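Asks:
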Amino acid sequence: MKNIARSRLTQVAALAAASMLAVGGCSTSSPTSSASSDSSGGGAASASSAAGAAATGPLSAFYTQKLDWKSCDEGECAKLRVPIDYAKPSGPSIEVAVNRMRATGTKKGSLVVNPGGPGGSGVDYAAAADQIVSKSVRESYDIVGFDPRGVQRSAAITCVDDATLDQFMGSDPSPDDKSEQNALLAGDKKFADACKKNAGPLLGHVSTEEVAKDMDVLRAALGEQKLNFLGKSYGTMLGATYADLFAKKVGRMVLDGVLPPDLSMQQINEGQATGFEKALDAYLADCASGGKCPLGSDAASAKKKLQTWLAGLDAKPIKASGDKRLSTLTEGWAINGIAASLYNQAQWGDLTEALRSALEGDGTQLLNAGKSYAERNDDGTYRSNVMQVINAVTCLDRPAPAGGVAAYEKDADAFSKKAPTWGRQMAWAGAVCADWPVKATGKPHEVKASGSAPIVVVGTTRDPATPYEWSERLAGELQNSRFISYDGDGHTAYGRGSQCVDDAVDHYLVDGSEPAKKTTC
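With UniProt numbering, the residue at position 246 of the sequence shown is 246, and numbering never jumps.
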């Protein structure tokens with residue numbers, strides 16, 4: 001997925017807060033030849049051994065390892081060793097960075113958290129525990145994060161340098177003619193070829209299924225019999241995949257803003273197009289009714305004006321300042337900036353001011369929003385590798401759309417009927433996977449997690465990145481689910497201002513009180 005699909009399915013606001021924290025203490029290592037068991041500083045040796053007792057054979061060394069916790073800027077940090085290839089557990093392994101924020105009260109266990117992505121840092125996310133979970137959850141659980149394999153501190157995948165990534169991010173996401181199509185496909189191939197050359201053997205082993213298996217090793221290393229998990233956005237696919245693989249090991253699991261494992265890449269792209277279109281319509285209605293909207297006082301006219309302006313950027317980007325390398329706002333960066341603001345209703349005011357300046361010829365504010373979305377600094381460096389690893393995971397998890405340019409054009413026409421602003425670019429979002437150097441190892445599949453404990457699924461009615469219907473879909477597929485329906489805007493619901501949602505999730509996590517089969521907030 002690129003541009004908004006070259007971006008990520010993640011909880012942007014929380015990650016932005018987390019990224020302001022100092023980074024250190026959980027460094028990553030290069031692949032090594034075999035598994036090793038770390039010595040424990042946490043006093044959980046017997047619990048860890050019991051939790052990993054089910055693993056036998058070559059995997060037992062991973063399941064019985066002990067985490068050596070040390071103080072770090074992100075709380076307490078440790079390293080978890082996992083095999084690169086679970087089919088060859090005696091082969092090379094890597095270290096996954098793990099951190100925890102200790103429970104502030106009487107500890108009930110560990111709660112593993114993931115913010116989304118693919119490519120979001122769980123270490124940064126857990127370090128912001130006070131912002132991502134309630135006080136009662138903080139009191140009851142060690143909040144545990146990890147950078148998934150290939151992400152930041154965990155043998156990070158790097159394909160291109162920062163300047164090349166700028167070109168990739170800023171390219172035209174919605175080609176209108178043959179020349180633009182060729183440019184987009186050439187850029188995608190350049191990126192894929194660079195990954196083949198530079199990313200190393202881990203490139204073929206960063207699938208969601210492999211990360212889910214890492215989570216089970218983590219569960220054992222934490223000394224937990226069952227995995228308690230809070231996943232948002234793409235983190236829901238990770239949680240659902242874990243539940244399908246290890247149903248009997250599911251503890252208290254909350255999946256908020258669902259990316260369903262059973263959808264094809266085209267279905268995901270179409271769903272995101274309609275999701276962002278719905279969110280844009282809600283924003284424009286709010287903007288137009290406020291009396292000071294730079295796009296006008298009528299929502300329909302405002303939308304046409306915005307679409308015309310975006311199309312104009314395709315041919316003639318506008319000036320922007322304050323960045324070492326980027327001096328103009330292109331259509332690609334503008335789309336990223338708008339998308340970032342649609343993730344959170346609290347950012348709508350900033351979007352209005354950014355659009356006001358951009359319509360007057362200054363794209364600085366909107367470019368800054370797009371750079372924040374990409375975790376990019378003004379000096380031209382990127383704070384993380386999320387914009388590189390997202391494609392590696394996506395292209396492994398699902399086969400690329402078949403049919404080449406003709407299929408993308410057909411999808412563009414179909415998607416645009418439902419989502420005139422976002423449809424064309426989302427139809428082309430899977431093109432980067434067409435030339436991917438590693439064949440997809442996953443495929444769309446239903447998740448039932450038969451025999452699991454109740455899994456709480458949360459959906460937001462006007463979620464742009466993970467449409468409400470996706471949460472409904474997974475809740476219906478799971479054999480044992482509870483569904484919380486939130487009538488609201490923005491991406492994900494828990495911890496975003498709804499007392500109804502927060503109370504239901506908190507009571508479940510802290511007390512084990514199951515919500516009703518369906519709760520409406």
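Here a beta-carbon is modelled for each residue, glycine too, at the ideal position from N, C-alpha and C. Predicted model, so just to flag it, every value in this text is computed and none were measured.
So, does the CB of ASP362 fall closer than 8 angstroms to a CB anywhere in chain C?
Replies: Looking at the structure shown, chain C is missing, and only one protein chain is on hand.
Asks: Does the separation of the CB atoms of ALA407 and PRO401 fall below 8 angstroms?
Replies: In this structure, PRO401 lies closer than 8 angstroms to ALA407 by Cβ.
Asks: Can you look up ASN114 in the DSSP assignment and give me helix, strand or coil?
Replies: Residue state, collapsed to three classes: strand.
Asks: What residue from THR381, ILE157, ASP188, SER341 has the CA that sits closest to ALA434's CA?
Replies: Selected option, being the one with the closest Cα: ASP188.
Asks: So, helix, strand or coil for PRO83, using DSSP?
Replies: Correct three-state label for PRO83: strand.
Asks: Looking at the strands, I want to know which residues DSSP matches up with ASN182.
Replies: Paired residue(s): none; ASN182 is not in a bridge.
Asks: Would you report the Cα separation of ALA449 and ASN228, rounded to the nearest angstrom?
Replies: Rounded to whole angstroms, ALA449 to ASN228 spans 15 angstroms at the Cα level.
Asks: Could you pull the start and end residues of the beta strand (DSSP E) that PHE483 belongs to?
Replies: Run containing PHE483: 481–489, per the beta strand (DSSP E) assignment.
Asks: Considering only residues of the same chain and omitting the five flanking positions on each side of ALA285, which have a CB-CB separation below 8 angstroms?
Replies: The answer, listed in chain order, is ALA299.
Asks: Would you mind reading off the limits of the beta strand (DSSP E) that contains GLU95?
Replies: Looking at the DSSP string, the run of the beta strand (DSSP E) that includes GLU95 is 93–101.
Asks: Take THR394 as the anchor and find which of PRO437, ASP411, ASP378 has the nearest alpha-carbon.
Replies: With distances taken between Cα atoms, THR394 lies closest to PRO437.
Asks: Here's the rule: buried if 16 or more other CB atoms are within 10 angstroms of the residue's CB, otherwise exposed. What is SER289?
Replies: Looking at its Cβ environment, which holds fewer than 16 other Cβ atoms inside 10 Å, SER289 is exposed.
Asks: To the nearest whole angstrom, what separates the beta carbons of LEU474 and LEU255, a pair I think is in contact under 8 angstroms?
Replies: About 7 angstroms; that satisfies the 8 angstroms criterion.
Asks: Please classify LYS278: is it buried, with 16 or more other beta-carbons within 10 angstroms of its beta-carbon, or exposed?
Replies: Flag for LYS278 reads buried.
Asks: When you compare only the Cα positions, how much space is there between VAL160 and PRO173?
Replies: So the alpha carbons of these two residues sit roughly 19 angstroms apart.
Asks: Here's the rule: buried if 16 or more other CB atoms are within 10 angstroms of the residue's CB, otherwise exposed. What is GLN347?
Replies: That one is buried.
Asks: Distance, Cα to Cα, SER179 vs VAL386?
Replies: C-alpha separation (whole angstroms): 29 angstroms.
Asks: Can you look up ASP298 in the DSSP assignment and give me helix, strand or coil?
Replies: Coil.
Asks: Considering GLY459, what are the terminal residues of the beta strand (DSSP E) in which it resides?
Replies: Looking at the DSSP string, the run of the beta strand (DSSP E) that includes GLY459 is 455–462.
Asks: Which residue's Cα is closest to the Cα of TRP69: ASP489, ALA311, ALA186, ARG102?
Replies: Comparing Cα positions, the closest option is ARG102.
Asks: With 16 as the cutoff for other CB atoms within 10 Å, does residue 522 come out buried or exposed?
Replies: Only positions 1 to 521 of the chain appear in this structure, which leaves residue 522 out of reach.
Asks: Opposite LEU230 in the DSSP bridges: which residues?
Replies: Note: LEU230 sits in a beta bridge opposite VAL113, VAL254.
Asks: In whole angstroms, what separates the C-alpha of GLY119 from that of LEU259?
Replies: Spanning the two alpha carbons is a distance of roughly 14 angstroms.
Asks: In angstroms with no decimal places, state the Cα-to-Cα distance between SER49 and GLY235.
Replies: Residue confidence is low: SER49 scores 46 on pLDDT, short of 50, so the model does not pin down where it sits. Its coordinate-derived value is still stated next. Cα-Cα distance, rounded: 27 angstroms.
Asks: Using the rule of at least 16 other Cβ atoms within 10 Å of the residue's Cβ for burial, across every protein chain shown, is PRO201 buried or exposed?
Replies: The residue in question, PRO201, is exposed, as its Cβ has fewer than 16 Cβ neighbours within 10 Å.
Asks: Looking only at its chain, what residues have a beta carbon closer than 6 angstroms to the beta carbon of LEU351, apart from the 5 residues adjacent to it on each side?
Replies: Contacts found: SER341.
Asks: Tell me which residue opens and which closes the beta strand (DSSP E) that THR519 is part of.
Replies: Segment 518–520, the beta strand (DSSP E) holding THR519.
Asks: Can you name, in chain order, every residue of its own chain whose Cβ lies under 8 angstroms from the Cβ of GLY403, other than the five neighbours on each side?
Replies: Excluding sequence neighbours, GLY403 sits near LYS410.
Asks: Taking DSSP's pairing of strands, which residues face GLU76 in a bridge?
Replies: Note: GLU76 sits in a beta bridge opposite SER71, ARG100.
Asks: Among the residues of its own chain, which have a CB less than 6 angstroms from the CB of SER30, if the five just before and after it don't count?
Replies: Any reading at SER30 must be qualified, since the residue scores a pLDDT of 34, below 50, and its modelled position is unreliable; the value itself is stated next. Hits under 6 angstroms: none found.
Asks: Leaving aside the five residues before and after ASP85 along the sequence, list all residues of the same chain whose C-beta is less than 7 angstroms from its C-beta, in chain order.
Replies: Excluding residues within five positions, the ones whose Cβ falls inside 7 angstroms are GLY91, HIS205.
Asks: Hey, which unbroken runs of the alpha helix (DSSP H) at 4 residues or more fall wholly within the stretch 155–228?
Replies: 162–170, 178–198, 208–221, all fully within the stretch 155–228.
Asks: Taking the alpha-carbon positions, what's the ALA374 to GLY380 distance?
Replies: If I take the Cα positions, the gap works out to 11 angstroms.
Asks: Starting from VAL144, trace the beta strand (DSSP E) both ways and give me its first and last residue.
Replies: Counting along the chain, the beta strand (DSSP E) containing VAL144 begins and ends at 141–146.
Asks: May I have the straight-line CA-CA distance separating LEU366 from GLY349, to the nearest angstrom?
Replies: Using only the alpha carbons, I get a separation of about 12 angstroms.
Asks: Does the separation of the CB atoms of ASP147 and SER121 fall below 8 angstroms?
Replies: Contact: yes.
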